[in-house]
Amino acid sequence: MQLTAIANSLRVLILTLAIGANAVSFRSEGFAKVSRQDPHIGDIRTWGQLGCSADNQGVWTVTTSELDVCHDFGITVKAINLTDINDGCNFFAFSEAGCKGIRRAFGTNSGCGDALDGVDSWGSFKFTCPTGA
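With mature numbering (1 follows the signal peptide of the UniProt record, and there is no 0) applied, the sequence shown covers -23 to -1, 1 to 110.
This is the structure we're talking about:
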């Protein structure tokens, strides 16, 4: 009787592991398909204080579907660091929402981009890439 109970427990365990493995495999495949359909373009890290050292607000990732789209920050961003960008693409930050006002181009070696003199914070940004980049 105990051997039957142990055998049943092992069957349940094996079935549970198999179902879990299939679920992980399905999620991984789904993620990979989405990634290939909308490739990564670049990343920026924003800061709520000047100097890129205090009030880390996290990373904003842009994909192909977001190219040439103006993104308003919606929060106070006093400093930006362009952490990654595809070859041939450009990143611009603007002093006002709607990609208006003063525009600054960033490169991956630009370092910390504090808000410009006379401007309290960055208002918006945009990634651009030439066709085929």
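Just so it is clear, CB atoms sit at the ideal spot from N, CA and C, and this is done for glycine as well.
- Distance from the CA of H17 to the CA of V39, rounded to the nearest whole angstrom, comes to 6 angstroms.
- A distance below 8 angstroms separates the beta carbons of G75 and C47.
- For secondary structure counted as the beta strand (DSSP E) over 3 or more consecutive residues, the segment 35 to 69 holds these complete runs in sequence order: 48 to 54 and 56 to 62.
- Separation of the CB atoms of V54 and S87 is rounded to 15 angstroms, and the pair is thereby denied contact status at 8 angstroms.
- Per the C-alpha coordinates, the member of K77, D49, G51 and R81 positioned closest to L59 is R81.
- Within the DSSP secondary-structure output, N86 pairs in no beta bridge.
- Straight-line measurement puts the Cα of D61 at about 14 angstroms from the Cα of G90.
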